[in-house]
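Engineer:
Number of protein chains: 4
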Amino acid sequence: MPERKTPLTEDAIVEHLPGLPRWERRGRTLHRELSFRDFTEAWGFMSMVALVAERLNHHPDWSNSWNKVVVDISNHEAGGLTEIDFELAASIDKALGEL
Amino acid sequence: MPERKTPLTEDAIVEHLPGLPRWERRGRTLHRELSFRDFTEAWGFMSMVALVAERLNHHPDWSNSWNKVVVDISNHEAGGLTEIDFELAASIDKALGEL
Amino acid sequence: MPERKTPLTEDAIVEHLPGLPRWERRGRTLHRELSFRDFTEAWGFMSMVALVAERLNHHPDWSNSWNKVVVDISNHEAGGLTEIDFELAASIDKALGEL
Amino acid sequence: MPERKTPLTEDAIVEHLPGLPRWERRGRTLHRELSFRDFTEAWGFMSMVALVAERLNHHPDWSNSWNKVVVDISNHEAGGLTEIDFELAASIDKALGEL
Chain A
1 MPERKTPLTE DAIVEHLPGL PRWERRGRTL HRELSFRDFT EAWGFMSMVA LVAERLNHHP
61 DWSNSWNKVV VDISNHEAGG LTEIDFELAA SIDKALGEL
Chain B
101 MPERKTPLTE DAIVEHLPGL PRWERRGRTL HRELSFRDFT EAWGFMSMVA LVAERLNHHP
161 DWSNSWNKVV VDISNHEAGG LTEIDFELAA SIDKALGEL
Chain C
201 MPERKTPLTE DAIVEHLPGL PRWERRGRTL HRELSFRDFT EAWGFMSMVA LVAERLNHHP
261 DWSNSWNKVV VDISNHEAGG LTEIDFELAA SIDKALGEL
Chain D
301 MPERKTPLTE DAIVEHLPGL PRWERRGRTL HRELSFRDFT EAWGFMSMVA LVAERLNHHP
361 DWSNSWNKVV VDISNHEAGG LTEIDFELAA SIDKALGEL
């Protein structure tokens, strides 16, 4: 399991970001907005994310409005971005078949 | 199917609200915040809401953060609360076994 | 909504089948077996099917074993294949982006 | 994580069973049949089971037909019931609020 307690240094964060071009770094959060064809497709995506999050025991803050999904990943306990945050973002991309 | 195009009058809204004591009326929105034991239980709830929303073809704006779910119901097209909004709220309560 | 009470004639069934090349007709049932990369992807599919079925108010008999999903569509009440069965099969294909 | 590679002895299996009175032992399988109010409630249950299974990395063979869900738990790789099978069964009961 990736490290989830120690915040990454700024250098380490900057090194990780190019591997996740679909995510925007917003301070201590990784942010991604997705649009789908309709609610059904958005929900198919969310259902995959739910499994990924449970497997990693790391859950996003996320919202949905019909075909839109907004995902924010952060690590409240560590007080900064950690390995597990990047792992969750990458696993979400992988569920979408992007990685 | 309940009416979804005509905004309810203020009188009609006030008449509906006592039937949904777990929902807070916020202007043109019905708002409810729920807490569950953990993500698994929250997700079980969300999965029922997804079905209910699809059946009614009326979808909430909602967000989740681990065991918390916030649901906002409104009718952007009608520009005000309509019958279908109250129907969705009641159907969500019913899925929870509360109605 | 497609007709769900009147069984289709054999001629009508034979006419529908070419539009659903991924489904196998087994007597009064439409049958499809699907394989996914892993459980997560299979579950994303199943979550879309659940919505489609609820929207049509017509639900499949289906089973899952990790990355495998088997879907059987029939109409017990009508006692034969009906329009709604073909509609459900087509909607499942559409959710997969195949139609 | 519970042991998932070594089949339990018959004595150990017999010792575990009273803790899971809702499950029927069928040779190398734990079997449970559930009935819900409707598809929505059945699907809420299945969505919780999906998370539980993914968290344990141990997935049931299961089927659904509207308000019915049949769950079979076994360990094909180990060639017999193992600790992880009982853990999955207990986690499913717990998701239902029964444990």
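Protein chains in written order, with the numbering used here: chain A, 1 to 99; chain B, 101 to 199; chain C, 201 to 299; chain D, 301 to 399.
Note that the Cβ used here is the ideal one computed from N, Cα and C, for glycine as well.
Where does residue 296 of chain C sit, in a helix, a strand or coil, going by DSSP?
Structural biologist: In the third sequence, the residue the question calls residue 296 of chain C occupies position 96. Reduced to three states, the DSSP call for residue 296 of chain C is coil.
Engineer: Give the single residue among C:202, C:208, C:203, C:247 whose Cα lies nearest to the Cα of residue 227 of chain C.
Structural biologist: Here residue 227 of chain C is taken as the residue at index 27 of the third sequence, counted from 1. Per the Cα distances, C:208.
Engineer: Does DSSP put residue 243 of chain C in a helix, in a strand, or in coil?
Structural biologist: Locating residue 243 of chain C in the third sequence gives position 43, counting from the first residue. Helix.
Engineer: For residue 347 of chain D and chain B, any beta-carbon pair shorter than 8 Å?
Structural biologist: By one-based count along the fourth sequence, residue 347 of chain D stands at place 47. Judged by the 8 Å Cβ criterion, residue 347 of chain D is in contact with chain B.
Engineer: What residues in the segment 350-364 of chain D bring their beta carbon closer than 7 Å to a beta carbon of chain A?
Structural biologist: Answer in chain order: 350, 351, 354, 355.
Engineer: How many angstroms separate the CA atom of residue 388 of chain D from the CA atom of residue 156 of chain B?
Structural biologist: What you label residue 388 of chain D is simply residue 88 of the fourth sequence in a count that begins at 1. What you label residue 156 of chain B is simply residue 56 of the second sequence in a count that begins at 1. For residue 388 of chain D and residue 156 of chain B, the distance between alpha carbons rounds to 34 Å.
Engineer: Select from A:90, A:36, A:44 the residue whose C-alpha is nearest the C-alpha of residue 292 of chain C.
Structural biologist: Walking along the third sequence from the start, residue 292 of chain C turns up at place 92. Per the Cα distances, A:44.
Engineer: Using only the alpha-carbon positions, how far apart do residue 38 of chain A and residue 369 of chain D sit?
Structural biologist: Here residue 38 of chain A refers to the residue found at position 38 of the first sequence. Here residue 369 of chain D refers to the residue found at position 69 of the fourth sequence. Going from the Cα of residue 38 of chain A to the Cα of residue 369 of chain D covers about 28 Å.
Engineer: I'd like to know whether the C-beta of residue 139 of chain B is nearer than 8 Å to at least one C-beta of chain A.
Structural biologist: For the purposes of this step, residue 139 of chain B is identified with residue 39 of the second sequence, where counting begins at 1. Closer than 8 Å to some Cβ of chain A, the Cβ of residue 139 of chain B qualifies, so yes.
Engineer: State the DSSP-derived secondary structure class of residue 151 of chain B, mapped to helix, strand or coil.
Structural biologist: Here residue 151 of chain B refers to the residue found at position 51 of the second sequence. It is helical.
Engineer: Tell me the DSSP secondary structure of residue 20 of chain A in three-state form.
Structural biologist: Position 20 of the first sequence holds residue 20 of chain A. Of the three classes helix, strand and coil, the one that applies to residue 20 of chain A here is coil, per DSSP.
Engineer: Against chain A, with Cβ distances strictly below 8 Å, would residue 295 of chain C count as a contact?
Structural biologist: Residue 295 of chain C sits at position 95 when you count from the first residue of the third sequence. Closer than 8 Å: yes.
Engineer: When we look at the beta-carbon of residue 135 of chain B and count the other beta-carbons within 10 Å, is it buried (16 or more) or exposed?
Structural biologist: Taking the second sequence and counting its residues from 1, one reaches residue 135 of chain B at position 35. Exposed is the call here.
Engineer: Going along chain C, which residues have a C-beta under 8 Å from residue 43 of chain A?
Structural biologist: If you number the first sequence from 1, residue 43 of chain A lands on position 43. The contacting residues are 247, 248, 251.
Engineer: Measuring CA to CA, which of C:240, C:278, C:229 is closest to residue 262 of chain C?
Structural biologist: Position 62 of the third sequence, counting from 1, holds the residue named residue 262 of chain C. Closest option to residue 262 of chain C, Cα to Cα, is C:229.
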